[in-house]
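Worksheet: the structure to be examined is printed underneath.
Residue numbers (the numbering used here), protein chains in the order written: chain A, 1 to 130; chain B, 1001 to 1134.
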């Protein structure tokens, strides 16, 4: 179990694409690695691409929610993108609605959300500086 | 009802949960389940397999394809000889958790299945059987 999900840095953003059928420990280590990466890079946004995930069960759902909360605490916004429609239907029936998790249909729209959030926050920071 | 195909998989660790998902995916695909039905069944299987590994201290799952008056289906029977569940009604409640999870495992798996049966004896173990029809 020494696989690792790559975390790519693109400017102020981190890109995580989950390409494997994750076992639980891999999901847990992704969360830890991402936390460290946000800290070392000072990233302002995380794009979590789950388009290759063919299921999201309650464990993976919790991991997604945790990543989103953790990033927020570390000053980065997370957008989850690319959820397959069948996965979304199943997730809702399972009872998981991912409250507080920002989602977008695809990576492009996800990036738009991250940029918009950064522009807003950048403006607020500028205003409060004196 | 004629058994078309049945196999049994060990459930000892996290890799076995992944293997169970893959086996259930393969069978439901072979039976011509729609993508949504496949996803529901695989997700239910993942929840129950995790219960077997984490709460049941390991066990097995029997994966079976069914045919009943022209209908095809998949039946999964998860069996462990773990500590058992003292209060089944409570365990079936959304949000109830013995620790760590979201408490959606059993209730969620039930919602994702067409048929759901559970029996558990404290000190002896737990058996959960689900069926999903095409």
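Beta carbons are placed, not taken as given, at the ideal position from N, Cα and C, and that holds for glycine.
Which of helix, strand or coil DSSP assigns to residue i
i	result
residue 1002 of chain B	Confidence at residue 1002 of chain B is low in this model, with a pLDDT of 49, below 50, so its placement is unreliable and no value can be given for it.
residue 77 of chain A	strand
residue 129 of chain A	Residue placement at residue 129 of chain A is flagged as unreliable, the pLDDT there being 38, under the threshold of 50; the coordinate-derived value follows with that caveat. Three-state result, residue 129 of chain A: coil.
residue 102 of chain A	strand
residue 1138 of chain B	Any question about residue 1138 of chain B goes unanswered here, given that chain B covers just 1001 to 1134.
residue 1080 of chain B	strand
residue 1050 of chain B	helix
residue 1113 of chain B	coil
residue 8 of chain A	strand
residue 110 of chain A	helix
residue 16 of chain A	strand
residue 47 of chain A	strand
residue 1093 of chain B	coil
residue 30 of chain A	helix
Identity of the residues DSSP links to residue i by a beta bridge
i	result
residue 1073 of chain B	B/1066, B/1133
residue 61 of chain A	Partner(s): none; residue 61 of chain A has no beta bridge.
residue 69 of chain A	In the DSSP output, where bridge partners are listed per residue, residue 69 of chain A has none listed.
residue 1128 of chain B	B/1078, B/1118
residue 1059 of chain B	B/1011, B/1080
residue 94 of chain A	According to DSSP, which records beta bridges pairwise, residue 94 of chain A is partnered with nothing at all.
Within 7 Å, strictly: CB atoms of residue i and residue j
i	j	result
residue 1020 of chain B	residue 1027 of chain B	no
residue 1129 of chain B	residue 90 of chain A	no
residue 87 of chain A	residue 49 of chain A	no
residue 79 of chain A	residue 113 of chain A	yes
residue 76 of chain A	residue 45 of chain A	yes
residue 58 of chain A	residue 1104 of chain B	yes
residue 1109 of chain B	residue 1044 of chain B	yes
residue 1011 of chain B	residue 1060 of chain B	yes
Inset, instruction - Decide yes or no for the touch test of the segment 69-77 of chain A against the segment 31-46 of chain A: beta carbon pairs closer than 8 Å, at least 3 of them. - result: yes
Legend entry - Cβ pair count under 8 Å reaching 3, the segment 1029-1045 of chain B against the segment 1086-1099 of chain B: no
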